[in-house]
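Trainee:
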Amino acid sequence: MTLSRLRIAVAHRASIVGMVVALAAAAACGGTTEVGTPAKDTKPATVAALSTDTLRGAVGSAASLPLTVTVKNAAGEPLDTILVTFAVATGNGSVANATARTNASGQASTVWTLGGVVGLQTVTATVGALTPITFRAVATVGPASAVTKVQGDVQTAAVNANVPIVPQVKVTDRFGNAIAATPVSFVVGSGGGSVINSVVNTDANGVASAGNWRLGATPGANTLVATASSISTTFTATSTFGAPATITLTPNTIGEFVIGQTQQLTPRVVDAAGNVIPTATVSYATSNAAVAQVNASGLVTASGAGTATITATAGTASATVAFTVTGHPGGTQPTMQIQLGAVLPSEIAFNRDQMFIPINGQQKILVYDQQTLAQVSTITVTSPLPKLLAPTKAAGPLLAVNPGTTTRVWVIDPLVSGVVDSIDIAEVVTNSAMTSTGSRALFTLSNGDLVVYDPQTRARVGTVTLGGGITSTRLAPGDTLFYALTNVGVIFEVDVRTLAKRQIIATVNATDFAIGRDGYFYLLDGPGGVVRIFNLATQTVIRSVGFSANSATIALSPDGQQIWVTQSNPGGVTMVSGSVANGFLFTGSYSTGVTNPTRVVFSPSGHIAAIGNFGGFVDIVR
Numbered sequence: 002m003t004l005s006r007l008r009i010a011v012a013h014r015a016s017i018v019g020m021v022v023a024l025a026a027a028a029a030c031g032g033t034t035e036v037g038t039p040a041k042d043t044k045p046a047t048v049a050a051l052s053t054d055t056l057r058g059a060v061g062s063a064a065s066l067p068l069t070v071t072v073k074n075a076a077g078e079p080l081d082t083i084l085v086t087f088a089v090a091t092g093n094g095s096v097a098n099a100t101a102r103t104n105a106s107g108q109a110s111t112v113w114t115l116g117g118v119v120g121l122q123t124v125t126a127t128v129g130a131l132t133p134i135t136f137r138a139v140a141t142v143g144p145a146s147a148v149t150k151v152q153g154d155v156q157t158a159a160v161n162a163n164v165p166i167v168p169q170v171k172v173t174d175r176f177g178n179a180i181a182a183t184p185v186s187f188v189v190g191s192g193g194g195s196v197i198n199s200v201v202n203t204d205a206n207g208v209a210s211a212g213n214w215r216l217g218a219t220p221g222a223n224t225l226v227a228t229a230s231s232i233s234t235t236f237t238a239t240s241t242f243g244a245p246a247t248i249t250l251t252p253n254t255i256g257e258f259v260i261g262q263t264q265q266l267t268p269r270v271v272d273a274a275g276n277v278i279p280t281a282t283v284s285y286a287t288s289n290a291a292v293a294q295v296n297a298s299g300l301v302t303a304s305g306a307g308t309a310t311i312t313a314t315a316g317t318a319s320a321t322v323a324f325t326v327t328g329h330p331g332g333t334q335p336t337m338q339i340q341l342g343a344v345l346p347s348e349i350a351f352n353r354d355q356m357f358i359p360i361n362g363q364q365k366i367l368v369y370d371q372q373t374l375a376q377v378s379t380i381t382v383t384s385p386l387p388k389l390l391a392p393t394k395a396a397g398p399l400l401a402v403n404p405g406t407t408t409r410v411w412v413i414d415p416l417v418s419g420v421v422d423s424i425d426i427a428e429v430v431t432n433s434a435m436t437s438t439g440s441r442a443l444f445t446l447s448n449g450d451l452v453v454y455d456p457q458t459r460a461r462v463g464t465v466t467l468g469g470g471i472t473s474t475r476l477a478p479g480d481t482l483f484y485a486l487t488n489v490g491v492i493f494e495v496d497v498r499t500l501a502k503r504q505i506i507a508t509v510n511a512t513d514f515a516i517g518r519d520g521y522f523y524l525l526d527g528p529g530g531v532v533r534i535f536n537l538a539t540q541t542v543i544r545s546v547g548f549s550a551n552s553a554t555i556a557l558s559p560d561g562q563q564i565w566v567t568q569s570n571p572g573g574v575t576m577v578s579g580s581v582a583n584g585f586l587f588t589g590s591y592s593t594g595v596t597n598p599t600r601v602v603f604s605p606s607g608h609i610a611a612i613g614n615f616g617g618f619v620d621i622v623r
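Positions in the sequence shown are counted from 1; adding 1 to them yields the numbering used here.
1) Using C-beta distances below 8 Å, list every residue in its chain close to Ser319, excluding the 5 sequence neighbours before and after it, in chain order.
2) Within a Cβ cutoff of 8 Å, which residues of the same chain sit near Thr100, ignoring the five residues on either side of it in sequence?
3) Under 9 Å between the Cβ atoms of Ser590 and Thr333?
4) With DSSP as the reference, label Leu131 as helix, strand or coil.
5) Starting from Lys502, trace the beta strand (DSSP E) in both directions and tell me its first and last residue.
6) Given this structure, state the Cα-to-Cα distance separating Asp519 from Thr317, to the nearest angstrom.
7) Output the distance between the C-alpha atoms of Gly32 and Ala40, rounded to the nearest integer angstrom.
8) Alpha carbon to alpha carbon, how far is Val283 from Val491? Give it in angstroms, no decimals.
9) Return the bridge partner residues of Ile248 from the DSSP annotation.
10) Could you tell me the boundaries of the beta strand (DSSP E) in which Lys150 lies?
11) Does DSSP put Lys394 in a helix, a strand or coil?
12) Tell me where the beta strand (DSSP E) around Asp620 begins and ends.
13) Output yes or no for whether 9 Å exceeds the beta carbon distance between Ala181 and Asn198.
14) Please return the same chain residues whose Cβ sits closer than 6 Å to the Cβ of Val462, not counting the five positions on each side in sequence.
15) Gln568 and Thr588 - do their beta-carbons sit closer together than 9 Å?
16) May I have the straight-line CA-CA distance separating Gln152 from Thr310, to the nearest angstrom?
17) To the nearest angstrom, report how far apart Ser106 and Val148 are at their CA atoms.
18) Assign Thr472 to one of three DSSP states: helix, strand, or coil.
19) Tell me the residue span of the beta strand (DSSP E) that contains Asp450.
20) Considering Asp513, what are the terminal residues of the beta strand (DSSP E) in which it resides?
21) Quick one: is Asp1 buried, meaning 16 or more other Cβ sit within 10 Å of its Cβ, or exposed?
22) So the beta strand (DSSP E) Gln364 belongs to, where does it begin and stop?
23) List the endpoints of the continuous beta strand (DSSP E) containing Glu494.
24) Can you have a look at Gly547 and say buried or exposed, based on whether 16 or more other CB atoms are within 10 angstroms of its CB?
25) Could you give the first and the last residue of the continuous beta strand (DSSP E) run that contains Ala427?
26) Which residues share a DSSP beta bridge with Pro359?
27) Hey, how far is the Cα of Ser604 from the Cα of Thr393?
28) Roughly how many angstroms separate the alpha carbons of Thr321 and Ala246, rounded to a whole number?
29) Tell me the DSSP secondary structure of Pro79 in three-state form.
30) Are the CB atoms of Ala477 and Ile516 within a distance shorter than 9 Å?
31) Taking the beta carbon of Ala211 as the centre, do at least 16 other beta carbons fall within 10 Å, making it buried, or is it exposed?
32) So Pro165 is in the beta strand (DSSP E); what residue range does that whole segment cover?
33) Have a look at Ser191 and Thr219 and give me their C-alpha separation to the nearest angstrom.
34) For Ala507, which of Phe514, Phe493, Asp513, Gly439 has the nearest alpha-carbon?
35) What is the rounded straight-line gap between the Cα of Ser433 and the Cα of Val509?
36) Give me the Cα-Cα distance between Ile134 and Gly177, rounded to the nearest whole angstrom.
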């Protein structure tokens, strides 16, 4: 072998050895054992989202799918171990892993927890300098977490009334996002009452209104509970007393007062729900301060004879109570004269509110208001009526008596100013009387009998035989005892309730009499011109009062402090004032001239004295 051939062989062998070494080295580095195969490109060329759908989820919860990207090289081959960065772009959410490396499939993932903002939220995934991938999610409101009061808490209203501001609540999730279209129930918790909207859905702003909340009927605390998704809040309100609806007074009826007497009125003010209002403001007024005065606390003081109405007012509610103050006229001279023409007046009568003057010859009755003394009406009958009876504590009925062989008694209703019925008594009526309430009418007859009628039913109650010669009759205060004076000076007593009779005074020289509230009899000896005050219990005369010798009739003022006596020839009236204990002194008198007065009749309170006169007129002394 030549040297040149040897060199060629050695060089060839070295080349083969070098190739073997190179192949071995390539195999050790993961390369191919194939000759000429290039190494894999590990440079990221693309990054893509596994899904491009817009994600969904409630605020604060995980998005509907994990965030996954795939990283590949330029040849489209997945690359592993590539670093991927996930970052919240909008929505204030969070990702479980801010960085992650791709796996053998070239994928990297993280979990996205949505933020508290409703609406679109985004997260970016970044690989090196490649354009980031943006994931999008729409966040919806979360479950109800709070029910808060918008308006209508801590209010005040009257019982059974609506609160002025309608209660409202707002329903939100834990991030404060309003929850629409969720039902809210409104239930009265305490205090009674009611609410219009018991269940209502929230509006687009998460707000629900209860409608009118009507408080209960009892003053005090009221609550209204609003509930959504088992979460509740409570409204409070205080119900106060309603406006005064009614007021009552205690006492609500008043007996007869005397001048100077006092009475405390106690009001009871109630609202429409029946609650007593303890702090109600009550004001008082009197219709006649000359009769009864009232102070701011409801204390009434009787100041003069007459009638007055006390009115108590609380808000629009009011109550009244009538007062009658018994006394006597303040004057001694006529302040008014009612002319009747040349007609003899019959016996004048008073009921609770009016004065009646019967005119016998004209067959009519003139009706006057007791307070103003203005004529208010005329009542016409069809026969003469020399006697008239009226209840002093009631409005009616009136009884107009026309004595005759058969006496006709007209039953008159003053409220309609007309005759409503009649009673016939088969005998001549000589005297008559009526109880103050109008429950009984008593007639003495010419045959000596006393007959008792019920004016309401027109029925005869009973008959008592007294004997003849009855000249004058009286009912004692209290309406239970009736007295009849005979022409021989004997006085009979009849119990109106049982009709039991007894003789109480005998052989007393009297032509007329009156009965005091103290039980004393005032016996007028007309010819002798003296009034003897007789003590029934001891059957003795305890005091005498002198008058003129031509005295005709006697009247005692309702308070018992004045004695009025009529005189004839010449006519006139004399008054004395005082008491049984201290005696009576001359007060005054007036003359009617040549005419003769018939009888003095006092109004129920005594503030008016009406005196008929044969001259055809009636004198009024006040």
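For glycine and all other residues, C-beta sits at the position ideal for the given N, C-alpha and C. Keep in mind it's a predicted model, so treat the numbers as computed, not measured.
Mentor: Taking the structure as given:
1) Here residue 319 refers to the residue found at position 318 of the sequence shown. Answer for Ser319: Ile248, Thr312, Ala313, listed in chain order.
2) As a position in the sequence shown, residue 100 is number 99, starting the count at 1. These residues qualify, in order along the chain: Leu84, Val85, Thr86, Phe87.
3) Indexing the sequence shown from 1 puts residue 590 at position 589. Indexing the sequence shown from 1 puts residue 333 at position 332. In contact: Ser590 and Thr333 (Cβ atoms closer than 9 Å).
4) Taking the sequence shown and counting its residues from 1, one reaches residue 131 at position 130. In this structure, Leu131 counts as coil in the three-state DSSP scheme.
5) Working through the sequence shown from its first residue, we reach residue 502 at position 501. Where Lys502 is concerned, the enclosing beta strand (DSSP E) stretches over 502 to 506.
6) Stepping through the sequence shown from its first residue, residue 519 is reached at position 518. Stepping through the sequence shown from its first residue, residue 317 is reached at position 316. Looking at the two C-alpha atoms, the distance is approximately 44 Å.
7) Your numbering for residue 32 matches position 31 in the sequence shown. Your numbering for residue 40 matches position 39 in the sequence shown. No answer about Gly32 holds up, because its pLDDT of 43 lies below 50 and its placement is not dependable.
8) For the purposes of this step, residue 491 is taken as the residue at position 490 of the sequence shown. For the purposes of this step, residue 283 is taken as the residue at position 282 of the sequence shown. Using only the alpha carbons, I get a separation of about 56 Å.
9) As a first step, residue 248 is located in the sequence shown; it is residue number 247 there, counting from the start. Partner(s): Val270.
10) Against the sequence shown, residue 150 aligns to sequence position 149. From DSSP, the beta strand (DSSP E) with Lys150 extends over 147 to 152.
11) Translated into positions along the sequence shown, residue 394 becomes position 393. In this structure, Lys394 counts as coil in the three-state DSSP scheme.
12) To locate residue 620, count along the sequence shown from 1; it is residue 619. Run containing Asp620: 618 to 622, per the beta strand (DSSP E) assignment.
13) Here the question's residue 181 lines up with position 180 in the sequence shown. Here the question's residue 198 lines up with position 197 in the sequence shown. Contact: no.
14) Counting from 1 along the sequence shown, the entry for residue 462 is found at position 461. Val453, Asp455, listed in sequence order.
15) In the sequence shown, the residue the question calls residue 588 occupies position 587. In the sequence shown, the residue the question calls residue 568 occupies position 567. Not closer than 9 Å, so no.
16) Translated into positions along the sequence shown, residue 152 becomes position 151. Translated into positions along the sequence shown, residue 310 becomes position 309. Gln152 and Thr310: Cα-Cα distance of roughly 50 Å.
17) Counted from its first residue, the sequence shown places residue 106 at position 105. Counted from its first residue, the sequence shown places residue 148 at position 147. For Ser106 and Val148, the distance between alpha carbons rounds to 49 Å.
18) On the sequence shown, position 471 is the one that residue 472 refers to. DSSP places Thr472 in strand when its eight states are reduced to three.
19) Counting from 1 along the sequence shown, the entry for residue 450 is found at position 449. Element bounds for Asp450: 450 to 455.
20) For this step, residue 513 is matched to residue 512 along the sequence shown. Residues 513 to 516.
21) This structure cannot settle anything about residue 1, because the visible part of the chain is limited to 2 through 623.
22) Here residue 364 refers to the residue found at position 363 when the sequence shown is read from its first residue. No beta strand (DSSP E) holds Gln364; DSSP gives it neither H nor E.
23) Taking the sequence shown and counting its residues from 1, one reaches residue 494 at position 493. Here the beta strand (DSSP E) through Glu494 covers 492 to 496.
24) Locating residue 547 in the sequence shown gives position 546, where the first residue counts as 1. Gly547 is exposed by the Cβ-count criterion.
25) Start at 1 with the first residue of the sequence shown, and residue 427 comes out as number 426. Careful: Ala427 lies outside any beta strand (DSSP E) and carries neither H nor E.
26) As a position in the sequence shown, residue 359 is number 358, starting the count at 1. Bridge partners of Pro359: Ile366.
27) Mapped onto the sequence shown, residue 604 falls at position 603. Mapped onto the sequence shown, residue 393 falls at position 392. Ser604 and Thr393: Cα-Cα distance of roughly 8 Å.
28) Translated into the one-based positions of the sequence shown, residue 321 becomes position 320. Translated into the one-based positions of the sequence shown, residue 246 becomes position 245. Taking the straight line from one Cα to the other gives about 15 Å.
29) As a working mapping, residue 79 is identified with position 78 in the sequence shown. Looking at Pro79 - three-state DSSP - the assignment turns out to be strand.
30) Looking up residue 516 in the sequence shown gives position 515. Looking up residue 477 in the sequence shown gives position 476. Yes, these two residues count as a Cβ contact at 9 Å.
31) Taking the first residue of the sequence shown as position 1, residue 211 is located at position 210. Here Ala211 is buried. Its C-beta has 16 or more other C-beta atoms within 10 Å.
32) Along the sequence shown, read from residue 1 onward, the residue named residue 165 stands at position 164. It is not in any beta strand (DSSP E) - Pro165 carries neither H nor E in the DSSP assignment.
33) Numbered from 1 along the sequence shown, position 190 holds the residue referred to as residue 191. Numbered from 1 along the sequence shown, position 218 holds the residue referred to as residue 219. Approximately 11 Å between the Cα atoms of the pair.
34) Stepping through the sequence shown from its first residue, residue 507 is reached at position 506. It is Phe493 whose Cα lies nearest to the Cα of Ala507.
35) Against the sequence shown, residue 433 aligns to sequence position 432. Against the sequence shown, residue 509 aligns to sequence position 508. Rounded to whole angstroms, Ser433 to Val509 spans 22 Å at the Cα level.
36) Along the sequence shown, one-based indexing puts residue 134 at 133. Along the sequence shown, one-based indexing puts residue 177 at 176. Between Ile134 and Gly177, the C-alpha separation is close to 31 Å.
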